[in-house]
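> Just passing along the structure, written as structure tokens.
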Amino acid sequence: MMMNQSFVTELNRFSDHYIKPYIVQWEAAGEYPQELHSMAGSEGILRLGHSDKDSLFRDTDSAVALVETLTAGGSQGLAMGLASYLVSLSALHQHNDGRFDAVIEQVLDGDATISLAITEPQAGSDIAAITTQAVPSAQQDEFLITGEKSYICGGLHANYFVVLAKYGDRATGQQEMGLFLVEREPGTVSGERIPTLGWQCLDVSSVRLEMARGRLIAGSQACFGTLKMMLKKERINLAVMANSDARSLLDDSLIFAHKRQVHGAPLHNKQAILHHLAEMQLQISATSALVAQSVAALREERLTDEAACVTKVNATRALDLVSSLGVQIFGARGCERGYLPERVFRDAKILSLGGGTTEVLQNIIGKSLIHSLTK
Ligand SMILES: Cc1cc2nc3c(=O)[nH]c(=O)nc-3n(C[C@H](O)[C@H](O)[C@H](O)COP(=O)(O)OP(=O)(O)OC[C@H]3O[C@@H](n4cnc5c(N)ncnc54)[C@H](O)[C@@H]3O)c2cc1C
1 MMMNQSFVTE LNRFSDHYIK PYIVQWEAAG EYPQELHSMA GSEGILRLGH
51 SDKDSLFRDT DSAVALVETL TAGGSQGLAM GLASYLVSLS ALHQHNDGRF
101 DAVIEQVLDG DATISLAITE PQAGSDIAAI TTQAVPSAQQ DEFLITGEKS
151 YICGGLHANY FVVLAKYGDR ATGQQEMGLF LVEREPGTVS GERIPTLGWQ
201 CLDVSSVRLE MARGRLIAGS QACFGTLKMM LKKERINLAV MANSDARSLL
251 DDSLIFAHKR QVHGAPLHNK QAILHHLAEM QLQISATSAL VAQSVAALRE
301 ERLTDEAACV TKVNATRALD LVSSLGVQIF GARGCERGYL PERVFRDAKI
351 LSLGGGTTEV LQNIIGKSLI HSLTK
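Everything in the sequence shown is counted per UniProt numbering, starting at 1 for the first residue and increasing by one.
Here's what the structure looks like:
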């Protein structure tokens with residue numbers, strides 16, 4: 001599928017007009033306005049410029065452009081807030097037999113938001129340790145879900161959640177894992193903001209579910225397949241964010257090194273600074289190629305779990321180095337709130353945790369290498 005150029009133009013206009021001028025203010029305030037979702041919905045941004053759902057969910061390039069542009073025009077926090085709905089909706093779309101149409105439409109129109117709720121206080125990387133439990137209700141096809149989720153992006157405001165929970169499978173009698181669609185209803189969903197190191201304009205929160213009504217999206221084997229598909233997309237999104245932030249920081253660092261005078265000459269006259277800039281470019285060019293390769297594989301439905309992990313780990317590591325060099329080049333200004341290096345330095349750390357930590361992704365990469373030996 002070719003990139004939809006009119007969508008990209010519209011997206012840039014949206015970012016220039018409604019995001020870029022305000023992002024420093026929103027990061028300082030600790031939130032962006034929720035109306036941004038309905039604005040993005042009414043301008044067709046959340047539909048990636050498509051009128052039909054099937055082509056929207058196949059349009060990898062526009063989904064990547066959305067994450068890239070929102071990161072470049074705003075922050076990683078804003079990109080997570082406004083663009084991560086696609087990962088959650090992809091689960092509904094994959095298992096949609098008409099049951100989820102209304103929810104998908106509401107989210108695409110910006111009339112509702114949806115968050116992915118997997119992590120629990122005692123279960124992060126160790127997904128099997130979750131204790132959130134779903135039990136069948138008296139209503140057909142309905143479950144009542146109880147448990148506590150933590151560090152949920154957009155959790156304070158979300159109207160819907162894709163929740164990972166355990167349930168007793170009627171056919172096997174075993175405890176299985178399932179993904180459930182939960183709607184926020186008074187008295188059944190609550191939570192508090194969890195202040196975090198980065199992603200400051202985004203509400204990251206706990207989500208307590210008390211007999212919350214849920215519908216099964218995917219159970220047992222289908223649940224793991226769906227989770228894998230979602231995590232693959234999420235990891236590529238996070239790699240795109242890392243790469244986008246690294247580029248923005250190099251651009252700003254170049255301007256700064258040109259303008260800033262030391263000993264009567266521009267900062268870039270110093271070889272050490274020139275090498276820092278060159279190092280940033282070396283990191284960015286390598287990860288850009290890797291991200292492009294993975295995006296192409298995702299588009300053609302041949303991206304392996306291992307390749308998604310390799311891309312995410314490389315891109316986040318590159319941003320770790322690039323963000324550190326950015327602060328170094330800017331000196332004290334690099335530590336000042338409101339300057340890009342300070343924000344990117346804080347946000348970079350989160351990327352090595354969310355969507356699977358670096359160590360957990362290294363486990364997947366390592367096991368895949370060993371597996372290829374013994375095949
Ligand atoms: C800002 C932010 C936003 C988030 N948003 C969401 C969200 O929207 N939805 C959601 O469900 N979750 C979200 N998360 C949670 C995120 O997915 C988890 O932080 C992540 O899965 C790691 O879990 P944990 O933090 O409990 O760390 P733990 O799993 O406790 O890990 C602690 C350390 O031990 C290491 N470790 C753990 N297991 C292994 C292993 N097997 N081998 C080697 N090392 C290991 C880890 O790499 C890490 O260094 C978010 C987190 C943050 C910080």
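Glycine included, each C-beta is placed from N, C-alpha and C at the ideal position.
Since the model is a prediction, treat every value here as computed from it, not as a measurement.
1. Cβ of C153 within 8 Å of any heavy atom in ligand 1?
2. Considering only C-alpha positions, which residue in the set D141, G264 and G74 is nearest to P21?
3. Are three or more beta carbon pairs between the stretch 288 to 303 and the stretch 248 to 260 nearer than 8 Å?
4. Determine contact between the stretch 101 to 119 and the stretch 29 to 38, defined as no fewer than three beta-carbon pairs at a distance below 8 Å.
5. Could you pull the DSSP bridge partners for P266 from this structure?
6. Cβ of residue 392 versus every heavy atom of ligand 1: is any distance shorter than 8 Å?
7. I'd like to confirm something about D305: is its beta-carbon nearer than 8 Å to some heavy atom of ligand 1, or not?
8. Which word fits K228, buried or exposed, when buried means at least 16 other C-beta atoms lie within 10 angstroms of its C-beta?
9. Can the beta-carbon of L202 be found less than 9 Å from the beta-carbon of E342?
10. Can you list the beta strand (DSSP E) stretches of 3 or more residues lying completely in the UniProt domain "Acyl-CoA oxidase/dehydrogenase middle" (116 to 210), in chain order?
11. Taking three-plus beta-carbon pairs below 8 Å as touching, is the stretch 125 to 134 in contact with the stretch 63 to 70?
12. Could you check whether A212 and T146 sit closer than 9 Å to each other, using their CB atoms as the reference points?
13. What three-state label does DSSP hand A315 in the structure shown?
14. What three-state label does DSSP hand residue 387 in the structure shown?
15. With distance defined between alpha-carbon atoms, name the residue in G41, E336, Q362 and A83 nearest to T316.
16. Assuming K312 contacts L373 (C-beta within less than 8 Å), just tell me the rounded distance between them.
17. Counting C-beta neighbours from all protein chains within 10 Å, is the total for A83 16 or more, i.e. buried, or is it exposed?
18. For A112, which of helix, strand or coil comes out of DSSP?
19. So does G355 have its beta carbon nearer than 8 Å to some heavy atom of ligand 1?
20. Using C-beta distances below 6 Å, list every residue in its chain close to R235, excluding the 5 sequence neighbours before and after it, in chain order.
21. Here's the rule I'm using: 16 or more other beta-carbon atoms within 10 Å means buried, otherwise exposed. How should H17 be labelled?
22. Buried or exposed for C153, going by 16 or more other Cβ atoms inside 10 Å?
23. Do A117 and D245 have their C-beta atoms closer together than 9 Å?
24. For my contact list, L267 and A257 are in at a C-beta cut-off of 8 Å; report their separation, rounded to the angstrom.
25. Is N237 near ligand 1, going by C-beta to nearest heavy atom under 8 Å?
26. Assuming A286 is part of the alpha helix (DSSP H), what are its boundary residues?
27. What is the rounded straight-line gap between the Cα of E359 and the Cα of L351?
28. Does DSSP put R213 in a helix, in a strand, or in coil?
29. Do K367 and ligand 3 come close, with the Cβ less than 8 Å from some heavy atom?
30. What residue does the alpha helix (DSSP H) around I365 start on, and which one ends it?
31. Drop a sphere of 10 angstroms on the beta-carbon of M3, count the other beta-carbons inside from all chains shown, and report buried for 16 or more, exposed for fewer.
32. Would S51 be called buried (16 or more neighbouring beta carbons within 10 Å of its own) or exposed?
33. Is the beta carbon of G198 within less than 8 Å of some heavy atom of ligand 1?
34. Just to check, is the beta-carbon of S84 closer than 8 Å to a non-hydrogen atom of ligand 1?
35. Nearest-angstrom Cα distance between H95 and M230?
36. Within the same chain, show all residues whose beta-carbon is closer than 7 Å to that of A79, passing over the 5 residues directly before and after it, in chain order.
To lay it out plainly:
1. Residue numbering aside, residue 153 sits at position 153 when the sequence shown is read from its first letter. The answer is yes for C153.
2. Start at 1 with the first residue of the sequence shown, and residue 21 comes out as number 21. Closest option to P21, Cα to Cα, is G74.
3. no
4. yes
5. Translated into the one-based positions of the sequence shown, residue 266 becomes position 266. Looking at the DSSP assignment, P266 forms a beta bridge with Q261.
6. Outside the modelled stretch of the chain, which goes from 1 to 375, sits residue 392, for which no answer is possible.
7. What you label residue 305 is simply residue 305 of the sequence shown in a count that begins at 1. No; taking the cut-off as 8 Å, the Cβ of D305 has no heavy atom of ligand 1 nearer than that.
8. Taking the first residue of the sequence shown as 1, we reach residue 228 at position 228. When all chains shown are included, K228 counts as exposed.
9. Your numbering for residue 202 matches position 202 in the sequence shown. Your numbering for residue 342 matches position 342 in the sequence shown. Cβ distance not < 9 Å, so L202 and E342 don't count as in contact.
10. Listed in chain order, they are 133 to 136, 143 to 153, 160 to 168 and 175 to 183.
11. no
12. For this step, residue 146 is matched to residue 146 along the sequence shown. For this step, residue 212 is matched to residue 212 along the sequence shown. Yes, these two residues count as a Cβ contact at 9 Å.
13. By 1-based counting over the sequence shown, the position of residue 315 is 315. Here A315 sits in helix by DSSP.
14. Any question about residue 387 goes unanswered here, given that the chain covers just 1 to 375.
15. Numbered from 1 along the sequence shown, position 316 holds the residue referred to as residue 316. Minimum Cα distance to T316 is reached at Q362.
16. The sequence position of residue 312 within the sequence shown is 312, counting from 1. The sequence position of residue 373 within the sequence shown is 373, counting from 1. Between L373 and K312 the Cβ distance is about 23 Å, and since that is not below 8 Å, they are no contact.
17. Against the sequence shown, residue 83 aligns to sequence position 83. Burial call: buried.
18. The residue given as residue 112 occupies position 112 in the sequence shown. Note: A112 maps to coil in three-state DSSP.
19. As a position in the sequence shown, residue 355 is number 355, starting the count at 1. At least one heavy atom of ligand 1 is nearer than 8 Å to the Cβ of G355, so yes.
20. Working through the sequence shown from its first residue, we reach residue 235 at position 235. Answer for R235: A308, K312 and G355, listed in chain order.
21. One-based indexing of the sequence shown puts residue 17 at position 17. Around the C-beta of H17, fewer than 16 other C-beta atoms lie within 10 Å, and the residue is accordingly described as exposed.
22. Along the sequence shown, read from residue 1 onward, the residue named residue 153 stands at position 153. Under this definition C153 is a buried residue.
23. Counting from 1 along the sequence shown, the entry for residue 117 is found at position 117. Counting from 1 along the sequence shown, the entry for residue 245 is found at position 245. For A117 and D245, no; Cβs fall outside 9 Å.
24. Within the sequence shown, the letter at position 267 stands for residue 267. Within the sequence shown, the letter at position 257 stands for residue 257. Beta-carbon to beta-carbon, L267 and A257 are separated by about 4 Å, close enough to satisfy the 8 Å threshold.
25. For this step, residue 237 is matched to residue 237 along the sequence shown. Incorrect: N237 has no Cβ contact closer than 8 Å to ligand 1.
26. If you number the sequence shown from 1, residue 286 lands on position 286. Its alpha helix (DSSP H) spans residues Q271 to R299.
27. What you label residue 359 is simply residue 359 of the sequence shown in a count that begins at 1. What you label residue 351 is simply residue 351 of the sequence shown in a count that begins at 1. Roughly 12 Å between the two C-alpha positions.
28. The residue labelled residue 213 in the question sits at position 213 within the sequence shown. Note: R213 maps to strand in three-state DSSP.
29. The model on display carries ligand 1 but not ligand 3.
30. Here the question's residue 365 lines up with position 365 in the sequence shown. I365 -> alpha helix (DSSP H) spans T358 to T374.
31. Here the question's residue 3 lines up with position 3 in the sequence shown. The residue is exposed, with fewer than 16 neighbouring Cβ atoms inside 10 Å.
32. Stepping through the sequence shown from its first residue, residue 51 is reached at position 51. Exposed is the call here.
33. Counted from its first residue, the sequence shown places residue 198 at position 198. Answer for G198: yes, Cβ within range of ligand 1.
34. Looking up residue 84 in the sequence shown gives position 84. Answer for S84: yes, Cβ within range of ligand 1.
35. Here the question's residue 95 lines up with position 95 in the sequence shown. Here the question's residue 230 lines up with position 230 in the sequence shown. The C-alpha of H95 lies about 13 Å from the C-alpha of M230.
36. Residue 79 sits at position 79 when you count from the first residue of the sequence shown. Around A79: V67, L70, T71 and M241.
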